[in-house]
Every structure is written in structure tokens, then in C-alpha cells.
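Quick note: the sequence shown uses UniProt numbering, first residue 1, plus one each step. Scroll down for the structure; my scribbles are underneath it.
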Amino acid sequence: SSLNWFKSYLLNRKQSVKINEVNGNTIGIKNGVPQGSVLEPILCVIYINEIYFNFNTITVHGCVNNKISNQENCKIIKIVGKIVRYLGVVFDNNLKWDFHINNLLEKLRFITFKFIKLKNMAPKQTMKIVYFALYQSNFKYGLLVWDGFRDNILNALVINQNNIVRICLKKFTLERSTKANYREHILLVRLLYKKLLLCTWLRNLT
Numbered sequence: 001s002s003l004n005w006f007k008s009y010l011l012n013r014k015q016s017v018k019i020n021e022v023n024g025n026t027i028g029i030k031n032g033v034p035q036g037s038v039l040e041p042i043l044c045v046i047y048i049n050e051i052y053f054n055f056n057t058i059t060v061h062g063c064v065n066n067k068i069s070n071q072e073n074c075k076i077i078k079i080v081g082k083i084v085r086y087l088g089v090v091f092d093n094n095l096k097w098d099f100h101i102n103n104l105l106e107k108l109r110f111i112t113f114k115f116i117k118l119k120n121m122a123p124k125q126t127m128k129i130v131y132f133a134l135y136q137s138n139f140k141y142g143l144l145v146w147d148g149f150r151d152n153i154l155n156a157l158v159i160n161q162n163n164i165v166r167i168c169l170k171k172f173t174l175e176r177s178t179k180a181n182y183r184e185h186i187l188l189v190r191l192l193y194k195k196l197l198l199c200t201w202l203r204n205l206t
């Protein structure tokens with residue numbers, strides 16, 4: 001078994017110290033892990049997984065394992081990040097979505113730049129296929145989580161989407177493209193959010 005395998009690796013180890021060609025007495029090692037070994041990281045994780053993050057349990061854990069800490073030399077370092085990336089969604093420490101939308105906008109602007117080059121080489125139908133595959137798939141991901149909040153943080157995203165839709169539909173005038181969007185089955189971000197919300201609600205009813 002795995003336990004016996006670890007035991008065979010750790011038990012009955014001996015150690016001696018050599019100074020100036022003089023060897024000390026050999027003694028058995030009851031604690032610790034050989035440094036530089038391949039198993040050292042795994043054994044370290046196994047060791048610290050038993051420690052709960054409060055001072056009482058750390059002290060008891062140390063006493064049980066014959067490791068008494070010098071509390072005068074111990075310090076607490078608080079490490080906090082402003083943002084956390086999890087499964088493609090960027091959370092900030094205030095649970096707002098500015099960081100996520102800004103991060104998404106950088107990606108979408110890069111895609112928009114590629115579309116400007118593509119519009120002179122591909123027909124409108126191909127542009128639509130690429131739009132759904134590259135552009136919409138990116139801003140649609142996690143939309144139910146981060147949408148539905150303040151309009152002012154979504155304005156830049158709405159403007160960017162309007163621009164790329166004009167490129168896809170090869171519309172060079174400033175006329176409103178809402179009717180053309182409906183005709184081409186392209187939903188803007190707010191309508192797409194409502195569609196996803198409704199589909200999720202209906203799916204949960206069944």
C-alpha cells in the first residue's frame with residue numbers, strides 16, 4: 001500500500017556528522033524528511049495539511065511532533081491580492097466587475113483589430129461565423145455572473161460590440177443597426193444576457 005511504501009522510505013534512517021575528516025556517532029532519525037529528495041514536496045504537504053489556521057492547534061501540533069516554536073521570532077505576514085482569476089472570471093476584493101470587464105475588453109479589442117483586416121477578405125456570412133466563434137463566445141462566457149450590474153461599467157463593452165457588429169455586417173454608415181442585428185440573429189450584450197437568464201430559468205423549471 002501507499003502507507004507502507006512511505007514507511008519503508010522514512011523508517012530506520014540514520015545520520016552522522018562529519019567535520020574535518022572526523023565522523024560523529026551514528027544515530028537514528030525519528031523526525032524530518034531527507035532534504036533534496038523527490039518526495040520532499042509531497043511529504044511537506046501531508047505534514048502541513050493537518051495544521052488548522054489558529055494558534056492553539058498549531059501549538060498542539062508542534063508539541064505532538066516535538067517541534068516547539070519560538071514565538072518571539074514568529075511573525076504574521078498578511079498577503080492579500082486585489083484580484084483573483086478563477087475559471088476565466090476575474091474577481092476583485094470588492095466583488096465588483098471592473099477588472100473583469102477591462103480584462104475582457106482588452107481581449108475583445110484585439111479580436112476587433114483582426115476583424116478589421118478580415119472584412120476585406122471574407123464575405124459577410126463568414127464574418128458572422130467567425131464573430132460567433134471568437135467574439136461572442138468570449139463575452140458570453142460567465143455573462144450571467146458579471147452582467148446585470150451598473151450600466152456605466154458596461155458602456156465600453158457595448159460600444160466595442162456595436163463596432164464589431166458593424167464590421168461583420170459591413171455597415172459603413174452611422175445608421176442604427178438594431179434591425180440588421182435582429183435580422184442576422186446577433187444579440188447585443190444586454191439582450192443576450194436576458195436570453196441566457198430566461199433559458200436558465202426555464203431549464204430549472206423542468
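Yeah, the Cβ is synthetic: ideal placement off N, Cα and C, and Gly gets one too.
Sub-8 Å separation of residue i and residue j beta-carbons
i, j, result
"Thr200", "Leu134", "no"
"Lys140", "Leu192", "yes"
"Asn25", "Ser16", "yes"
"Ile164", "Thr126", "no"
"Asn73", "Lys82", "no"
"Val89", "Phe99", "no"
"Asn138", "Leu104", "yes"
"Ile27", "Lys18", "no"
8 Å contact criterion, which residue i and residue j should meet: CB distance rounded
i, j, result
"Cys168", "Lys114", "Contact flag wrong, Cβ pair sits at about 12 Å."
"Val158", "Leu188", "7 Å"
Nearest residue (CA-CA) to residue i, options the options
i, options, result
"Ile29", "Val45, Leu11 and Cys44", "Leu11"
"Gln136", "Asn160, Tyr86 and Gly36", "Asn160"
"Leu43", "Lys195, Lys7, Tyr86 and Pro123", "Lys7"
"Asn102", "Asn155, Leu87 and Ala122", "Asn155"
"Val38", "Glu21, Tyr9 and Val22", "Tyr9"
"Gly142", "Gln35, Gly36, Asn20 and Arg85", "Arg85"
"Arg190", "Leu202, Leu87 and Trp146", "Trp146"
Beta-bridge partners of residue i, as assigned by DSSP
i, result
"Arg85", "Val90"
> Mind pulling the alpha helix (DSSP H) runs of 4 or more residues that sit fully within the region 1-41?
Replying inline: 2-10
> What alpha helix (DSSP H) runs, 4 residues minimum, are completely inside the region 95-172?
Replying inline: 98-118, 124-130, 137-140, 143-146 and 155-168
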